[in-house]
Every structure is written in C-alpha cells, then in structure tokens.
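Asker: Dropping the structure in here first, questions after.
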Amino acid sequence: LMLWVESASSGAVSLESIMKIMSLQLPILVSYLLPLAFFISLLLSYARLHNHNEFVVLYAGGLSKFRLYLYTMSMGFIMASIVLVLMLWVVPQVQWYRKLLVLNAHSHFSVDKVVPRHFLKIDNNAVLYSHAGSITKGNQKKLMDVFVARYDQNNHSWQLMRSASAHETSQRSGNYIEFDNGSRFDIGTSSDQFQKVYYKQYGYRLALPKFDLHSYYQLLPTSQLMHEMKRDPKASAELQWRLAMPLSVLV
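Residues 15 to 265 in the working numbering are what the sequence shown spells out, letter by letter.
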C-alpha cells in the first residue's frame, strides 16, 4: 500500500488507477484467507462447545460423532466449492485485469500524473516538463508552460518543443497530446541540421503500450494450464497451487 501511495504522490500513477487496483485485490485476498478463516472459526466454535460441556449434552441426546463429522464436512465442502470457483475462474480473471491496470497505469500518459517542475516520461523516447502544472477550464484539464524533449532513434535527432499549454485528446487513430501556441526545434547530428517551426496547434501521438501478459502463469486460464501442464513444469505448479487452496479447507 505504501508503494502505491508513494507512486501517487510522485505522479507516476493516478489516484483513480490506484483505487481500481486496490479494489481488485479483495477477491484475491478472500480466496487466500477463506480457508484460514473457516479453520479458525471451526476451532473456536468447537472449543467453546467443549468448554461448556455442550458435547456431553449432544451425545446424550443421540448425536453420534460420525453425524457431527458429516455436519462439519458438509460445511467444509460448501466452503471448498466457493474457494475452488474463486481460485480456478475468478482469481485468474481478476489478476489479469489487475496486471493490465498496473502496466497501463505506469505507461499511459495522463495530465493527472504531471507534477509541476518535474519531468515525466510520456513514452520510450520523450519526456515532458510543466513549469506551472495543470488548470481546469470547463471540463478539460490543461497543462501550462510545457516543454517536451524527444529523441528520434531512426534519424538520430532531437526534437524540442515549447508550448503555452497542452491537453489530452482522443481520436479514432489514437490518443494525442495537443500543444497550443508554441515552437519546435529539430536538431540533427551535425551543426547545420537545425530547424525551427512555429505552430498554433501541434498533435503528438502517444504510442500504445504493448504487453505480453501470457508470460505470467498466474494470469493464464485454468483450461490453458491443464493443456500445458504436461510439457511445462511452471504451468503444472500454478495449477497445483490453485487446487491446493480448496483442498486445504478439507484438510
């Protein structure tokens, strides 16, 4: 939790993303804590019945130990079924969506992440700096007094931009940062490769993040783990871990 609070305070992750990520942690915690909670509640209940001699009354009334065992196991099977559904189907989906939120939160640019007088990485080759921070005009947040430095790996050149304001915008072709009333400097490798351009509006397209979530075994569906368990020990270990939690209820 403290790591997420630190990320929010530094502007690396927005507060909205942190709230979503923390809320998705609840189903995962429930699936892990439910077997332990059932065991402790069962232990405390039977200890209380024993201390108040309730078992003597139950046995005197005709209740056998085998029937008491059946009552206990019936509750255990119900709890194990709930944990089984959580571990085999719910938790993998929740973890997949949570991991996607975490990766997007760190890679996706947002005005809310910008901290005044701090550099912020907006993609692999560019950083952004806002001297005055953001202000709200109507329903739109704008960054004021913005500077961007971008390195073009293909041409081995630098692009420096200074703008009076900037804001996020979304179009069919992707997400953009739209700069208003500024200038752009193109600086090449040699001293004579220099160009200055003034603009009223300039759009900078944000690169879409690409993630390979299939490399994380805890995110894979249970059906895929069953298909790969014979040839992949990691898939087999993940499947055994998912089955171990509901079995721990019965044990």
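The beta-carbon is built from N, C-alpha and C at its ideal position, and this holds for glycine as well.
1) If we ignore side chains and look at the alpha-carbon of each, how far apart do M243 and S229 end up?
2) Can you name the residues that DSSP bridges to M158?
3) Once the 5 residues before and after E30 are set aside, which same chain residues still bring their CB inside 8 Å of it?
4) Between which two residues does the beta strand (DSSP E) holding Q215 run?
5) Just to check my reading of the structure: S177 and F193 have Cβ atoms closer than 8 Å, yes? What is that Cβ distance to the nearest angstrom?
6) What are the boundary residues of the beta strand (DSSP E) that includes R198?
7) Is the number of C-beta pairs between the stretch 128-142 and the stretch 164-183 that are closer than 8 Å three or more?
8) By the DSSP assignment, the alpha helix (DSSP H) with K127 in it spans what residues?
9) For my contact list, P49 and V97 are in at a C-beta cut-off of 8 Å; report their separation, rounded to the angstrom.
10) If we count Cβ pairs, one from each stretch, closer than 8 Å, do we get three or more for the stretch 103-120 versus the stretch 48-67?
11) According to DSSP, what are the bridge partners of Y165?
12) Could you give the DSSP three-state label for L142: helix, strand or coil?
13) Taking its Cβ as the centre, do 16 or more other Cβ atoms sit within 10 Å of I277, making it buried, or is it exposed?
Answerer: Well, looking at it:
1) One alpha carbon belongs to M243, the other to S229, and they sit about 15 Å apart.
2) Answer is G147 and S179, bridged to M158.
3) Setting aside the 5 residues that flank it on each side, E30 is surrounded in the same chain by D126, each with a C-beta closer than 8 Å to its C-beta; the list follows chain order.
4) Note, Q215: beta strand (DSSP E), F208 to R219.
5) About 4 Å separates the two Cβ atoms, so the contact holds.
6) Looking at the DSSP string, the run of the beta strand (DSSP E) that includes R198 is G188 to I201.
7) Inter-segment contact for the stretch 128-142 and the stretch 164-183 is present: three or more beta-carbon pairs are separated by less than 8 Å.
8) For K127, no alpha helix (DSSP H) encloses it, and the DSSP letter there is neither H nor E.
9) In this structure, P49 and V97 form a Cβ contact; the two beta carbons are roughly 6 Å apart against a cut-off of 8 Å.
10) At 8 Å Cβ cutoff, the stretches do not touch.
11) Y165 pairs with W172.
12) Reduced to three states, the DSSP call for L142 is strand.
13) The chain is shown only over 15 to 265; residue 277 falls outside these bounds and no answer can be derived.
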